[in-house]
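Trainee: Here it is, the structure in full.
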Amino acid sequence: MEPYEKVIEELLNIDGLKKYVENLISKIDELSKEIRELKERINVIDSKIKSIDGKIEEIENFNKRREEITKDRFLGIDGEIENIKNIISRLENDIKNISKMYEDEYKRRKEMEIRYSLLMEKIKKLL
Numbered sequence: 005m006e007p008y009e010k011v012i013e014e015l016l017n018i019d020g021l022k023k024y025v026e027n028l029i030s031k032i033d034e035l036s037k038e039i040r041e042l043k044e045r046i047n048v049i050d051s052k053i054k055s056i057d058g059k060i061e062e063i064e065n066f067n068k069r070r071e072e073i074t075k076d077r078f079l080g081i082d083g084e085i086e087n088i089k090n091i092i093s094r095l096e097n098d099i100k101n102i103s104k105m106y107e108d109e110y111k112r113r114k115e116m117e118i119r120y121s122l123l124m125e126k127i128k129k130l131l
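When we follow the working numbering, the leftmost residue of the sequence shown carries the number 5, and every step to the right adds one.
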């Protein structure tokens, strides 16, 4: 007898049909149980993925903040460097002005010395 003929014969028998249906129900229950277990595993995996995504987002935010802080520091350093350059420039100008004043004073004293010596000579001649 062929296997399908055996199944047909069992299906024609009420007890066989009952047994066949019970067997199908048992298999459906097993598959339902497996599906529930798979859903639970999927939920666990999904929560782990969400946790990892959260950590990745935290790391990205941390890196952004670190970049901003670094950028601010460099901008601050650049600003300080610019301030120092301005101070140096003002000091150089002050030195130039002082040097000019010194030269002018030196020339004025030389002129005064020459006038003084000429005046002394005139006084000596007059005496």
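Even glycine gets a Cβ: it sits at the ideal position worked out from N, Cα and C.
This structure is a prediction, so every number in the text was calculated from the model and none was measured.
For GLU38 and ILE49, I'd like the C-alpha separation in whole angstroms.
Mentor: Answer to the nearest angstrom: the Cα atoms are 16 angstroms apart.
Trainee: Can you tell me the Cα-Cα spacing of GLU117 and SER93, whole angstroms?
Mentor: Roughly 36 angstroms between the two C-alpha positions.
Trainee: For ILE131, name the three-state secondary structure that DSSP assigns.
Mentor: Residue identity differs from the one stated: residue 131 is Leu in this sequence, not Ile. Coil, per DSSP.
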